[in-house]
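For the record, in the sequence shown the residue sitting at position 165 is 160 according to my numbering, with numbers rising by one throughout.
Just so you know, even glycine gets a beta-carbon here, dropped at the ideal spot from N, CA and C.
Remarks on the structure that follows.
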Amino acid sequence: MPSALLALALSAFAVGTTEFVTNGLLTALATDFDVTVARAGLVTTAYAVGQACGPALALLTLRMPRRRLLVLLMLLFTAGNLASALAPTFGLLLATRFLTGCTHTAFFGVASVVASRLVPTARRGAAIALVFTGLSLANVLGLPIGTLAGQAWGWRGAFVLVAVFGAAGLLGLLRLLPRTGTAPADAPASAAPSLRAELAVFAGLRLWLALAATAVGFGGLFASFTFVQPMLTAVTGFGTGDVVWLLAVYGAGLVAGNWLAGRAADRALVPTTAALFAALALTLALFTATVHHKGAAVATLFLLGFCGFGLLTPTQAYVLRVAGRDSALVGTANTAAFGVGITLGSLLGAAVIEHGGPHPDTALPLTNLAGAAMTALGLLVFALSAATGPRRPATAPSTPG
-4 MPSALLALAL SAFAVGTTEF VTNGLLTALA TDFDVTVARA GLVTTAYAVG
46 QACGPALALL TLRMPRRRLL VLLMLLFTAG NLASALAPTF GLLLATRFLT
96 GCTHTAFFGV ASVVASRLVP TARRGAAIAL VFTGLSLANV LGLPIGTLAG
146 QAWGWRGAFV LVAVFGAAGL LGLLRLLPRT GTAPADAPAS AAPSLRAELA
196 VFAGLRLWLA LAATAVGFGG LFASFTFVQP MLTAVTGFGT GDVVWLLAVY
246 GAGLVAGNWL AGRAADRALV PTTAALFAAL ALTLALFTAT VHHKGAAVAT
296 LFLLGFCGFG LLTPTQAYVL RVAGRDSALV GTANTAAFGV GITLGSLLGA
346 AVIEHGGPHP DTALPLTNLA GAAMTALGLL VFALSAATGP RRPATAPSTP
396 G
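Spelled out as structure tokens, the structure:
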């Protein structure tokens, strides 16, 4: 694999850490800003709303050389996390999370396309998976480390640490991503597609169904995972100090799921994606019961990571296949769909907690059941997308799948 992919994975590690680090800090945030845990969950929602707005940023930068754009995005990302660390009020923290979320979507949209063009067609799924491995490792290493930093130095210290990760990713892009020559990462503006050509791929229903499946199917995970820290402590009975290694277990599932799904997607894209949607729905439903038993909860947490983040590469490859071209805007739109899903899922989970009863032992586990229903709906939408339009071979020459 080209060394440029390592730079993309390193940057993805930083971005992934900030996306989910707040899930291990909700109690501290709620205490510091004197808000409820459900309201503190808005820091996840605000970031996800920013992700959903990412395609607008992609449109504004459509003709910018991709290397320059990726560097700019990581610079803004790093500055955004420093601003979060300095936020004096809860409202300003939400604002900085929103702005940082905007860079997330554009980064993964562009990085996925750049990665797919740096390798032969038959290895595009694996190349995209390598980029998303950085996101997976963020949950194995970055998220627990960020949680430890939050426990040792306060939640502000966690955001400072993420900014350091972002600076490291920025340096990696500057050093390893090709600057000149034939590298598609630095294609001249004159070679960039027109706005009309980029938007034309959105004319078909099949692509919109694919994007909706990503949002709804993946969003079910975050009806549960947004509140995983209070769930594991208040319901399962783990101590606050246990959250770090529990998140590492979840992260290990992410790495395994992403790695295996990337290779399976190169062989059978649609069956792999459908199977992961179904497995995630079943695992969420199972977590409703296993959350009450420590050993079973740990095993289910691993499966949630495996199934949930196993979906990243196949869904990204699928929308590029449906689009019929390596479109950065389409890749960004699918990343934005993840953000929409996280927003919807976290809001659904918060609503379940608010109206599920006065006792956490009753309300928190119900977020898993709500998430399972949401993911099952995503599977149905994906099936409609796969059934719409002409059939395609298992591997298409112009896409990562």
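| Asked | Found |
| --- | --- |
| Rounded separation between residue 82 and residue 27 - CA only | 12 Å |
| Selected residue, minimal CA-CA separation from residue 22, among 84, 334, 224 and 7 | 224 |
| Alpha-carbon spacing of residue 374 relative to residue 212, whole angstroms | 6 Å |
| Separation of residue 268 from residue 380, as counted between CA atoms | 12 Å |
| Buried versus exposed call for residue 404 [16 or more other C-beta atoms within 10 Å across all chains shown] | The structure shown does not extend to residue 404, since the chain is modelled only from -4 through 396, so no value can be given for it. |
| Rounded separation between residue 232 and residue 289 - CA only | 8 Å |
| Residue nearest to residue 2 in terms of C-alpha spacing, selected from 19, 164 and 127 | 164 |
| Cβ neighbour criterion (16 or more within 10 Å) applied to residue 354 | exposed |
| Residue environment, residue 193, which counts as buried when at least 16 other CB atoms sit within 10 Å | buried |
| Of the residues 137, 171 and 169, the one placed nearest residue 156, counting alpha carbons only | 137 |
| Which of helix, strand or coil DSSP assigns to residue 235 | helix |
| Cβ-Cβ distance between residue 360 and residue 286 below 9 Å | yes |
| Length of the line joining the Cα atoms of residue 316 and residue 61 | 21 Å |
| Straight-line Cα distance separating residue 331 from residue 180 | Legend: pLDDT at residue 180 = 44, less than 50; position of this residue unreliable, no value from coordinates given. |
| Given 8 Å, three or more beta-carbon pairs between the region 334 to 342 and the region 236 to 247 | no |
| With 16 other Cβ atoms within 10 Å as the buried cut-off, status of residue 148 | exposed |
| Status (buried if at least 16 other CB within 10 Å, exposed otherwise) for residue 198 | exposed |
| Nearest residue (CA-CA) to residue 41, options 5, 98 and 63 | 98 |
| Cα-Cα separation, residue 284 to residue 302 | 18 Å |
| Residue 325 versus 10, 153 and 100, residue with shortest Cα-Cα distance | 100 |
| 3 or more residues per run - each beta strand (DSSP E) lying fully within the region 261 to 324 | none |
| As assigned by DSSP and simplified to three states, the class of residue 27 | helix |
| Between the CA atoms of residue 328 and residue 176 - distance to the nearest angstrom | Unreliable placement is indicated for residue 176, whose pLDDT of 37 sits below 50; no coordinate value is reported for it. |
| Sequence-distant residues of its chain with Cβ nearer than 8 Å to residue 135 (five each side left out) | 243, 246, 247, 249 and 250 |
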